[in-house]
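Protein chains in written order, with my numbering: chain A, 852 to 1059; chain B, 852 to 1059; chain C, 852 to 1059; chain D, 852 to 1059.
Glycine included, C-beta positions come from ideal geometry on N, C-alpha and C.
All values reported here derive from a predicted model rather than from experimental measurement.
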DNA sequence: CATGAATGAGGTTTCATTCAT
DNA sequence: AATGAATGAAACCTCATTCAT
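As structure tokens, this is what we get:
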């Protein structure tokens, strides 16, 4: 059941285009442009022009260009965490659960390749505080994944001598670098890459 | 044995500090600053101040700020290629050679962590032509590595169903992301990470 | 005795806080902020936030930010004129009347030090017409004061060679600069400064 | 004997117009415009256009618009202090020395009426640190003047019950407000105003 | 080989005000 | 009587680069 729209009572009603509000249009324009030209290579004017609004409107909703970037980070972090939690809660043997999680994160990354492009390239453009917040969320995500690896070791499915933290950094390095080489007109679909990456990872940590 | 300093006889001697020439100082200042603050976050003034020269001097040696960046890319590409070629030429069983190459590239990346930081974050700041040149060199490097994987498959050491190109991207993703998490005051040395990454990769592709 | 609150019967009652209406709150917020940060250093947003209303409300009562400033000027001019007229009408020897007036304007200025701070610093921010109106009122005020000086000269109490207009500018210069140095935690009260300034002025113009 | 011009050896020679360097033209343009339209009412563009240079050139010499303002303050403070020191060192009876100093500061203020206009109107636009520096210099100036008043009291020339510090604030208030009313096409010259102000002040503090 | 001066385009942000309810 | 959205102009400043010695 969709939540009821809150009744707007006061003020000029927000303008929408195709049902998309101004902040939504701004974020999606920013997402596309930051991925294409980089954060510093994109001017605020570029973003607002693409979103079809004025600079004043942007600063009505976002405190700064950096806030726009932060919003992009917040969205992708939230989404990835939700997906991992869903997979982690599935009732499957641990090795299969890890395989499913690995496959899923690759596919999701490829589906949101623009966010992924921005993610590592532009982290240093965020201010200290926001950077810390992103790293903290990222760490939580990694920890959930690592806990699955540890569970697999305890169950005897994965090799005991594997350093679980390092294994997670090893795997996510591969994932985060997808934007550097994967392209939609290439030979492999997201699902195929996901399966292959998951196979390579699982084979790398599986016992005997 | 260090090469003898060539005797300069004519003209003004190049200004050196601790035996380092102006362009050398510029590149190493740029390397440090680009890694620390990003290419766009570093001004030419920052670089020349750190190098102890003036802007005019920089433009005497480099055509543009971008040229400085390109020089950084050129150096790291040259060095990595040389190292891989040396390892590839070793007289070892193929699996051991791949393991050695994997270990070495991790250790080298960590030894040059600033270059590695810049490498992927700033690739898009280079102009079209220079970007193409970098990608071409990068591809050559990957192809040499991939040829070793293929040789391992032909020798029966590695699983035939592994897609060698994908495997290379998979492994180098992990390597290229080292700057995002590895830090010199952390738990693991470069050599340790190198060994672990190589183990994980080899286990992932090794035949039954 | 405070005037009885008029009974409102129809329409939405004006929103009041502690019995202060919206325009009153706006003017006193503006007074404080303009004195503290200057007219140009204070945004309309600052004012309305401090007054606890929104921008729309401000523009409902005042045509512009400048109107707010003008209102501040109008209030202080009205008050000072009233006080001077009261003193001028007193039945005292002319020298004593001038002394009382001088003392009073100093004390009043100090009691309303924020208005005084704004008065000279921000006059040039008013538009042509409003600036003229302020100067006209100011001139009337000075003329009343000057007429007392002239009366004193005619009565033989003040030296004839004193230029009365210049003397008034001389004295009010001192008064208007009080905000530059007087502070409430200082050594001297408003009354003390008033007495001393009046003494210095009177001694300066008194005959023989 | 004029000091020899230091020999310029390096770099592009600074451009001059009528023998006036870029920073000189900038300061004098700023002086005129800040006095006319206020500091906040004058844009950097206004200043550089009036000085016949580009914005970049201005930022080559001054770190900010505020620095330009600070330079104006520094110049006027330096000049006034020098003049007062010269007068204070004269070999005259103390009352005459004070009279001369008072006359001189009025005349000087009127000669530099633009600086005087800016002085009090724009003090609050300076940053904390620079404001403190200005106040400190101002205090030193006042203290020198006050020491002359005290000397007069000790010599029996001035009334003992006059508070010297207050008397100085009283007199300089009058001086600093000259820009509010004095105008070059008016009835009185700077010298005349100076003499009258000095007379009024001296009469105000002179002993019985 | 190297300097310091100067350019000029472009960047982010602020803000008084108007608009549609 | 009052709201919150949106505008659009202008502000200050940065910076890669070129210039005249």
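Are residue i and residue j touching if we call contact CB-CB under 7 Å?
| i | j | result |
| --- | --- | --- |
| residue 1027 of chain B | residue 971 of chain B | yes |
| residue 1055 of chain D | residue 1018 of chain C | no |
| residue 884 of chain D | residue 895 of chain D | no |
| residue 951 of chain D | residue 938 of chain D | yes |
| residue 877 of chain A | residue 902 of chain A | yes |
| residue 1049 of chain C | residue 953 of chain C | yes |
| residue 1010 of chain A | residue 1058 of chain A | yes |
| residue 1047 of chain D | residue 1025 of chain C | no |
| residue 921 of chain D | residue 981 of chain D | yes |
| residue 965 of chain D | residue 1039 of chain D | no |
| residue 959 of chain D | residue 934 of chain D | yes |
| residue 932 of chain D | residue 992 of chain D | yes |
Just verifying my parser: in three-state terms, what is the DSSP assignment at residue i?
| i | result |
| --- | --- |
| residue 1009 of chain B | strand |
| residue 1057 of chain A | strand |
| residue 941 of chain D | coil |
| residue 921 of chain C | helix |
| residue 1045 of chain A | helix |
| residue 891 of chain B | coil |
| residue 903 of chain C | coil |
| residue 1028 of chain C | coil |
| residue 1039 of chain D | coil |
| residue 1014 of chain A | coil |
| residue 854 of chain B | Interpretation of residue 854 of chain B is limited by its pLDDT of 43, a score under 50 that renders its predicted location unreliable; no figure is taken from the coordinates. |
| residue 863 of chain A | coil |
| residue 978 of chain D | coil |
| residue 973 of chain A | coil |
| residue 1051 of chain B | helix |
| residue 1022 of chain A | helix |
| residue 914 of chain B | coil |
Report the partner residues of residue i according to the DSSP bridge assignment.
| i | result |
| --- | --- |
| residue 871 of chain D | D:868 |
Distance check for residue j and residue i, CA to CA, integer angstroms please.
| i | j | result |
| --- | --- | --- |
| residue 978 of chain B | residue 888 of chain A | 12 Å |
| residue 989 of chain B | residue 871 of chain D | 57 Å |
| residue 949 of chain C | residue 1021 of chain D | 17 Å |
| residue 962 of chain B | residue 974 of chain B | 20 Å |
| residue 908 of chain B | residue 909 of chain D | 23 Å |
| residue 1029 of chain B | residue 957 of chain B | 8 Å |
| residue 886 of chain C | residue 925 of chain B | 60 Å |
| residue 984 of chain B | residue 892 of chain A | 21 Å |
| residue 944 of chain C | residue 1044 of chain D | 29 Å |
| residue 1012 of chain A | residue 906 of chain A | 55 Å |
| residue 869 of chain A | residue 875 of chain A | 11 Å |
| residue 1005 of chain B | residue 1006 of chain A | 35 Å |
| residue 999 of chain C | residue 914 of chain C | 39 Å |
| residue 904 of chain A | residue 916 of chain C | 27 Å |
| residue 873 of chain D | residue 866 of chain D | 7 Å |
| residue 1032 of chain A | residue 1016 of chain B | 11 Å |
| residue 1002 of chain C | residue 900 of chain D | 53 Å |
| residue 1023 of chain A | residue 880 of chain C | 55 Å |
| residue 1052 of chain B | residue 863 of chain A | 59 Å |
| residue 942 of chain B | residue 936 of chain A | 48 Å |
Please determine whether the Cβ atom of residue i lies at a distance below 6 Å from any heavy atom of the ligand NAP.
| i | result |
| --- | --- |
| residue 1027 of chain D | Questions concerning the ligand NAP fall outside what the structure shown contains, since it holds no ligand whatsoever. |
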